[in-house]
Structures are given as structure tokens and as C-alpha cells.
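First up is the structure itself, then whatever we jot down about it.
Protein chains in written order, with our numbering: chain A, 3 to 181; chain B, 723 to 985.
See below:
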């Protein structure tokens with residue numbers, strides 16, 4: 003064998019059987035352990051990783067979509083709230099105007115009432131003044147008449163009769179004048 | 723070897739030759755067990771250790787070495803499997819990823835300190851892989867296109883004028899069934915062998931002219947050898963990775979041709 007190998011060795015293109023056997027077994031060893039046992043493991047892991055990354059990407063896309071959805075909802079709610087606020091403002095303005103009108107009306111009524119009360123007061127004052135004036139006028143006229151007539155009018159009964167008669171005449175004439 | 727060199731080449735520079743690729747058995751009596759065989763097994767174990775460390779308990783959020791493993795896996799999936807296999811990629815990734823990692827480590831041994839031998843520069847190792855691919859492709863082709871359909875699709879690609887099939891049929895047959903599988907192995911083997919030879923040559927130059935026979939005239943040459951060795955090692959790292967990629971890529975292409983008739 004060794005001699006044979008030594009002879010063949012002169013031609014480097016001729017393979018030795020022993021080399022082919024050793025090389026073949028060495029490669030089969032690698033093929034079995036690496037190819038058969040280990041490569042499938044890393045293939046599985048790489049596939050899982052791809053899946054995990056794709057899953058992660060999908061999850062991220064979902065989250066993005068959800069966020070967009072939420073943003074849209076918030077915007078809608080915000081618009082709605084703005085609308086509501088505008089509506090409330092309008093309502094308040096209307097109410098304000100109404101209250102103002104009511105208040106004005108009330109004030110006017112109050113003013114009218116005050117004016118009427120003042121009128122009544124004035125009338126009462128006038129009546130009172132008139133009564134007072136009548137008393138005063140009686141006394142003055144009596145005194146005046148007494149002086150003019152010169153007769154004693156000390157007698158109280160006569161005095162009153164004369165005054166009343168005079169006042170009645172006066173009253174009738176004045177009321178006639180008023181009429 | 724380098725220990726024997728000063729005695730042998732004390733007088734005159736001798737370029738390294740094919741002897742670089744001949745390895746005596748490490749254990750007397752077990753002729754098959756030489757350095758390339760040992761490192762073929764080490765490569766298999768290293769591939770397992772690396773992938774096991776990365777993928778034994780894969781996490782959804784990768785940490786540490788899993789990141790490196792995933793980088794390699796995704797490179798293999800996107801750059802090797804996807805261009806030809808498309809949506810069938812995942813089904814063939816066990817084979818393609820194993821092949822890529824295994825060939826890559828075997829190649830990188832060429833630049834790995836103390837190992838410094840690309841195992842794939844021994845034709846037997848790429849050959850057994852390409853024979854395996856050949857068997858798989860024949861099986862898949864016959865299974866998916868039928869025994870007759872498979873050969874018919876290879877030998878009579880549609881859309882050519884009739885008379886040209888006289889030429890095309892035998893060429894396509896030989897090329898598709900045999901040649902491309904042979905070149906599949908030879909390409910990997912030859913690039914690894916050539917790279918190893920060139921690096922060995924320049925490091926031999928450096929060693930010889932700087933250490934074995936230091937002369938004023940030879941010293942710059944020796945220095946050049948050292949610099950070239952460093953530069954070419956960097957280049958070789960790239961080639962080693964590239965060839966691992968190409969080997970797996972072609973495997974993907976052959977599988978796709980067997981699954982779906984070309985054109």
C-alpha cells in the first residue's frame with residue numbers, strides 16, 4: 003500500500019483511495035452533525051426571528067392605527083365641545099337679553115308706580131291744604147266781617163252760623179266756578 | 723523538511739517541488755494516516771465545534787459566536803444557495819453550508835501557522851466531494867426529469883437549428899455529465915496546490931538567502947522573498963475563502979440543473 007502510494011505520488015492528479023475514504027468520512031461526519039442536526043436548528047431560529055419581527059411590525063402598525071383612531075375621536079369630541087360651547091354662549095346671550103328686557107320693564111313699572119304714588123300724595127296734600135285754607139279763610143273772613151260790620155259777633159252760636167252760611171255760599175260758588 | 727534543507731541545499735538554492743505534497747505516514751504501518759489525513763479529520767471536528775458552539779442552542783436575539791455563525795450561514799444562504807436555488811434554498815442549505823464550512827477550513831489550513839498545508843491540495847479530498855455531488859446530481863436529475871428526459875434535456879437543449887445537434891449533443895453530454903464535475907474538483911485542488919507552491923517558493927527564497935547563505939548580493943532577494951511571502955499569504959487567504967465559496971456555489975448550480983432542466 004505504502005509502496006503503491008509512493009509510486010502514484012508522482013502524479014498529483016491521481017487521487018489516492020485512502021484520501022478519498024478519509025475525506026469522505028470527514029465530510030459525512032460534518033454533513034451529519036452540522037447539516038443534519040445543527041443547520042435545522044438555526045433555520046428554525048431564523049424563521050422564528052423573522053416571524054417575531056414581522057409580528058412586531060404588525061403590532062406596531064396596529065398600535066399606530068389605534069392611535070390614529072383615538073386622535074380622530076378626540077378631534078371629533080373637541081369639535082363637538084366647541085360647538086356646544088358656542089351654542090351655550092348663544093343661549094346665554096339670549097337669556098341675558100331677555101333678563102335685560104324684563105328688568106327694563108320692571109323698572110318702568112316701578113317708575114310708573116312711583117309717579118302715581120307721587121300724584122296721590124300731591125292730591126292728598128292739596129286736599130289737606132284746601133281744608134286748612136278753609137279753616138283759616140273762615141277765621142280771617144269772620145275777623146274781617148266783624149271789623150267791617152262793627153257789631154259784636156262775640157256770641158259763639160251766631161258766629162258759627164254766620165261762618166257756615168258764608169262758607170256754604172263760598173263753596174257752592176267755588177265748586178260752580180270749578181265746574 | 724526545513725531541518726533537512728541546510729544540509730541538502732547548503733551550496734545551491736533548490737526550488738521546492740511536488741515533494742511538498744508527499745507526506746509520510748505519521749504512524750508506521752498505517753500508510754493512510756499522514757498529515758493531510760490528520761488535518762482532514764481535524765477540519766471535520768473544527769467545523770463541528772464551531773457550528774455547535776454557534777447553533778447548538780440558538781437564541782432569537784443572537785449573542786457572541788452565534789452572530790459569527792449566522793453571518794456565515796446567511797452568507798452561504800444569500801450568496802451560494804439563493805442565486806441558483808431560489809426558494810429551494812432552505813432545503814439544500816444543510817448540504818451547502820456543511821460543504822462551504824468544511825472546504826473553507828480545509829483550505830484555511832494552508833495559511834494556519836504550524837499546519838500550513840491546504841488539505842484540498844491533495845486531489846483525493848476534492849475528488850471525493852465532487853464524486854459525491856456527481857452521484858447526487860445524477861440521482862436528482864433522473865428522479866426529477868426521468869432517466870431519458872434528464873439526458874435528453876442535457877444533450878438537446880431546445881432552440882437550436884437541427885443540424886447543430888450533431889455537434890452539441892456529444893459536447894453537452896461529455897461536458898455536463900463528466901467534465902464540469904472533474905473541473906469542479908480540479909479547480910479547487912489546482913488553486914490550492916499552486917498557492918501553496920508559490921508561498922513555499924518565496925519562503926524558501928527568504929530562508930535560503932537570509933539564513934542559509936547570507937551574502938550581500940542575495941540578502942535583498944531574501945528580503946523580497948519574505949515580503950512576497952507575507953503579501954501572498956494575505957492573497958492566499960482570499961483565494962482560499964473564494965475557492966470554498968466557488969466550490970459550494972457550483973454545487974448549488976449543479977443541483978439546480980438537476981432539479982429543473984436548463985433553459
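Where is the CB? At the ideal position from N, CA and C, for every residue including glycine. Since this is a predicted model, take the numbers as computed values, not measurements.
Contacts of residue i in chain A (Cβ-Cβ under 8 Å)
i: residue 816(B); result: 33, 36, 37, 38, 41, 42
i: residue 791(B); result: 44
i: residue 868(B); result: Chain A residues near residue 868(B): none, gap ~28 Å exceeds 8 Å.
i: residue 778(B); result: 40, 43
i: residue 785(B); result: Those do not exist, as residue 785(B) stays about 12 Å from chain A at its closest Cβ, beyond 8 Å.
Within 9 Å, strictly: CB atoms of residue i and residue j
i: residue 740(B); j: residue 14(A); result: yes
i: residue 962(B); j: residue 829(B); result: yes
i: residue 955(B); j: residue 820(B); result: no
i: residue 28(A); j: residue 877(B); result: no
i: residue 169(A); j: residue 141(A); result: no
i: residue 782(B); j: residue 50(A); result: yes
i: residue 983(B); j: residue 808(B); result: no
i: residue 976(B); j: residue 890(B); result: no
Same chain, Cβ closer than 8 Å to residue i, five either side skipped, listed in chain order
i: residue 1026(B); result: In the structure as shown, chain B begins at 723 and stops at 985. Residue 1026(B) is therefore absent and cannot be evaluated.
Alpha-carbon to alpha-carbon, residue j and residue i
i: residue 7(A); j: residue 18(A); result: Here the model assigns residue 7(A) a pLDDT of 46, short of 50, so the residue's position is not dependable, and the following value carries that caveat. Taking the straight line joining both Cα atoms gives about 7 Å.
i: residue 844(B); j: residue 20(A); result: 11 Å
i: residue 898(B); j: residue 938(B); result: 56 Å
i: residue 24(A); j: residue 918(B); result: 21 Å
i: residue 966(B); j: residue 826(B); result: 5 Å
i: residue 970(B); j: residue 933(B); result: 42 Å
i: residue 864(B); j: residue 61(A); result: 47 Å
i: residue 158(A); j: residue 115(A); result: 48 Å
i: residue 734(B); j: residue 753(B); result: 33 Å
i: residue 80(A); j: residue 73(A); result: 10 Å
Contacts around residue i, its chain only, beta-carbon distance under 6 Å, and the 5 residues preceding and following it disregarded
i: residue 824(B); result: 769
i: residue 726(B); result: Low confidence applies to residue 726(B): its pLDDT is 46, below 50, so where it sits in the model is not reliable enough to give any reading.
i: residue 957(B); result: none
i: residue 947(B); result: 924, 927, 928
i: residue 728(B); result: Only weak support exists for where residue 728(B) lies, its pLDDT of 48 falling under 50; the coordinates are left without a value.
i: residue 777(B); result: 791
Amino acids of chain A, ordered along the chain, whose beta-carbon sits closer than 7 Å to that of residue i
i: residue 915(B); result: 14
i: residue 773(B); result: 36, 40
i: residue 812(B); result: 45
i: residue 847(B); result: 21, 25
i: residue 820(B); result: 32, 33, 36, 37
i: residue 769(B); result: 32, 36
i: residue 740(B); result: 14
Contact set between residue i and chain A, taken where Cβ atoms lie within less than 9 Å
i: residue 795(B); result: 41, 44, 45, 48
i: residue 686(B); result: No information on residue 686(B) is available, as it lies outside the stretch 723 to 985 that chain B covers here.
i: residue 851(B); result: 25, 26, 29
i: residue 1026(B); result: Summary: the structure shown does not reach residue 1026(B), with chain B confined to residues 723 through 985, and so no result is reported for it.
Other residues of its chain near residue i: CB distance less than 7 Å, five sequence neighbours each side excluded
i: residue 981(B); result: 810, 862, 866
i: residue 784(B); result: 792
i: residue 139(A); result: none
i: residue 913(B); result: 961, 965
Closer than 8 Å: residue i CB and nearest the ligand ATP heavy atom
i: residue 27(A); result: Looking for the ligand ATP in the displayed structure turns up nothing, as the structure carries no ligands at all.
**Item:** Where the stretch 36-64 of chain A meets chain B: residues whose CB sits under 9 Å from a CB there
**Value:** 36, 37, 38, 39, 40, 41, 42, 43, 44, 45, 46, 47, 48, 49, 50, 51, 54
**Item:** Contact list for the stretch 743-766 of chain B against chain A, Cβ threshold 8 Å
**Value:** 743, 744, 747, 753, 754, 758, 759, 762, 763, 765, 766
**Request:** Would you list, in chain order, the members of the stretch 84-97 of chain A that have their beta-carbon closer than 8 Å to a beta-carbon of chain B?
**Result:** The stretch 84-97 of chain A vs chain B, Cβ under 8 Å: nothing.
**Contacting positions in the stretch 939-956 of chain B - beta carbon closer than 8 Å to chain A** = Going along the stretch 939-956 of chain B in chain order, one finds no residue with a Cβ nearer than 8 Å to chain A.
**Message:** Short of 7 Å Cβ to Cβ, which residues in the stretch 907-933 of chain B face chain A?
**Reply:** 915
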